[in-house]
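Numbering (this note's numbering), first residue to last: 1395 to 1862. Remarks on the structure that follows.
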């Protein structure tokens, strides 16, 4: 007959421990695998595991990703005035504290700073970058956003990127090392660099590309110092280039490169694009799309080889695509982001784009509606323009306006191979900054989307409506 230990007895405690150990499968994993799992969590989540046991106390500090996105603080800045300086100090202290805890850690794959910072934090940001480079970092993102602060920032108040950190020196002597302590850093591992609201010149960008031998992805946004950029070196390994909202930009030249992906969003500028035989992914937005004939002329030599084409169109009008006569013979994925001035409809020009893409399999539509009353105008008749290969549609920003319903009906009528529609009705303007009223509005929009779309989408097509 089995005996049962008394509560608190050694037998009972041992049995409970054995039962606990039998269920604690994660702790049986090797440290390397646990660190990989912790690297998938946010920093705060990973740090919270330090209380689990003595073994877990320092494991989180070996995380491969250091992502300093302070979403809660940015949300607070959006709601309260006069707290920016205080929250900047708190953010800097937080990053410094984490980096001290990671002082014995191994190399890192990703280092990300995302907060409203300016030149006043220069010394701290410099130290953070030196730390990342000393750990042979592969991806750096420095996003010194305006979110939570004023609507603008003086150019001279923007942090200047320390390009000297990325200029290797051969055999640096003690004096040179003291002047430039990063001369001993390993920059040969850096594969991706993203800079937002950071001052960097075209000459500095070109130096970066020459001195970082495996740099494949470069993104520069909202930089006041980027006026001109020339990338004309076939020896570069750069595969993806993004230039967005650099308001002083005047000229961009890309020639004799192996670039695969190009993104430009901003004012209309002179762009030279020649001898880019591997280019398959293009994104164009901002004022450039107000001059669609120029965009299509720029890409005329590459339309037939594009696999993905994205357009961001502000103040969308129905005649926006009236100039479209070329064919995207190989296009598989079309992305369109529009900001309708009002609900006059956007189905017709989108159908024209789809008709020019006979091999299209996926359409991603992002609509930035103002969150006012739902449009009740009469829904127009379906226009027949067959899209024989379209299989999947993503609709982000669905609000339930007449234009939204028109688009869905036109897609259903013209895509006989359609298999799946994914709808996201959530507010896409500030994804980490929603108050209770906006959350309730998103819930109401989701209910409206379910009510409208369940009536018109046939059961053989998979309908996915994302929720909060």
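In this text, a Cβ means the ideal position worked out from N, Cα and C, and glycines have one as well. Model, not experiment: these values are computed from the prediction.
So, is residue i buried or exposed, given that buried needs 16 or more other C-beta atoms within 10 angstroms?
| i | result |
| --- | --- |
| residue 1637 | buried |
| residue 1787 | buried |
| residue 1643 | buried |
| residue 1573 | Only weak support is given to the placement of residue 1573: the predicted model assigns it a pLDDT of 39, under 50, and the question is left unresolved by the model. |
| residue 1782 | exposed |
| residue 1794 | buried |
| residue 1614 | buried |
| residue 1858 | exposed |
| residue 1767 | exposed |
| residue 1687 | exposed |
| residue 1845 | exposed |
| residue 1628 | exposed |
| residue 1462 | buried |
How about residue i and residue j: do their beta carbons lie closer than 7 Å?
| i | j | result |
| --- | --- | --- |
| residue 1560 | residue 1531 | no |
| residue 1594 | residue 1619 | yes |
| residue 1592 | residue 1555 | yes |
| residue 1780 | residue 1804 | no |
| residue 1511 | residue 1538 | yes |
| residue 1623 | residue 1653 | no |
| residue 1551 | residue 1513 | yes |
| residue 1458 | residue 1503 | yes |
| residue 1604 | residue 1626 | no |
| residue 1529 | residue 1586 | no |
Look at the alpha carbon of residue i and the alpha carbon of residue j, and state the distance between them as a whole number of angstroms.
| i | j | result |
| --- | --- | --- |
| residue 1720 | residue 1662 | 21 Å |
| residue 1673 | residue 1526 | 31 Å |
| residue 1713 | residue 1694 | Any reading at residue 1713 must be qualified, since the residue scores a pLDDT of 47, below 50, and its modelled position is unreliable; no value is offered. |
| residue 1679 | residue 1666 | 17 Å |
| residue 1588 | residue 1778 | 43 Å |
| residue 1833 | residue 1541 | 19 Å |
| residue 1612 | residue 1557 | 14 Å |
| residue 1616 | residue 1610 | 20 Å |
| residue 1708 | residue 1495 | 45 Å |
| residue 1702 | residue 1729 | 8 Å |
| residue 1478 | residue 1489 | 16 Å |
| residue 1476 | residue 1853 | 53 Å |
| residue 1744 | residue 1817 | 17 Å |
| residue 1820 | residue 1759 | 14 Å |
| residue 1460 | residue 1509 | 14 Å |
| residue 1748 | residue 1754 | 7 Å |
| residue 1468 | residue 1733 | 25 Å |
| residue 1830 | residue 1862 | 12 Å |
Round the Cβ separation of residue i and residue j to the nearest angstrom and send it over; I've been treating them as touching at under 8 Å.
| i | j | result |
| --- | --- | --- |
| residue 1706 | residue 1668 | No, residue 1706 and residue 1668 are not in contact; Cβ-Cβ is about 24 Å, not under 8 Å. |
| residue 1689 | residue 1682 | 6 Å |
| residue 1864 | residue 1802 | Residue 1864 is absent from the model: the chain starts at 1395 and stops at 1862. |
| residue 1584 | residue 1608 | 7 Å |
| residue 1813 | residue 1850 | With a Cβ gap of about 16 Å, residue 1813 and residue 1850 do not count as contacting. |
| residue 1838 | residue 1792 | Not a contact, Cβ separation roughly 13 Å. |
| residue 1691 | residue 1724 | With a Cβ gap of about 19 Å, residue 1691 and residue 1724 do not count as contacting. |
| residue 1335 | residue 1774 | The structure shown does not extend to residue 1335, since the chain spans only 1395 to 1862, so no value can be given for it. |
Shorter than 7 Å from the beta carbon of residue i to some beta carbon of chain B?
| i | result |
| --- | --- |
| residue 1505 | As a matter of chain content, chain B is missing from the structure shown, which is built from one protein chain. |
Whose C-alpha, out of the options, is nearest the C-alpha of residue i?
| i | options | result |
| --- | --- | --- |
| residue 1771 | 1754, 1745 and 1799 | 1799 |
| residue 1727 | 1750, 1743 and 1774 | 1750 |
| residue 1685 | 1659, 1651 and 1464 | 1659 |
| residue 1810 | 1790, 1784, 1816 and 1797 | 1784 |
| residue 1516 | 1840, 1529, 1483 and 1862 | 1483 |
| residue 1546 | 1641, 1601, 1769 and 1761 | 1641 |
| residue 1621 | 1664, 1757 and 1789 | 1664 |
| residue 1762 | 1797, 1752 and 1776 | 1797 |
| residue 1776 | 1548, 1840, 1634 and 1806 | 1806 |
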